[in-house]
Amino acid sequence: MQQSIIGYHQDEEGHWVADLRCGHGQHVRHQPPMTSRLWVLTEEGRQGFIGTELNCKKCEEGGDGFVPTEAVP
Ligand SMILES: [Zn+2]
34 MQQSIIGYHQ DEEGHWVADL RCGHGQHVRH QPPMTSRLWV LTEEGRQGFI
84 GTELNCKKCE EGGDGFVPTE AVP
């Protein structure tokens, strides 16, 4: 499920986690060549990706029973 980035925080290891609109978090690591996200390394880059949609696996799995209100048309 595509969810917009509304902010960021860092986990206990200093990795960046995008805060998604649905309330879940998703790591946005820069791990080339598999995952190239140079933008996460700078404040400017991160701000530029606010509002960008990521595919939230947690929403698709529905593991925690969270029901996004905006899923209703
Ligand atoms: Zn989610």
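Residue numbers (the working numbering): 34 to 106. Heads up, the beta-carbon is just placed ideally off N, CA and C, and yes, glycines get one too.
With 6 Å as the limit between CB and the heavy atoms of ligand 1, the residues that fall short of it are Q36, L53, C55, H57, C89, K91 and C92.
A straight-line Cα-Cα distance of about 26 Å links I39 and P66. A direct Cα-Cα distance of roughly 17 Å separates V61 from C92. Every beta strand (DSSP E) of 3 residues or more that sits fully in the segment 60-104 is shown, in chain order, as 86-88. The alpha-carbon separation between D52 and H42 amounts to approximately 7 Å.
Assigned with DSSP and collapsed to three states, H42 falls in strand.
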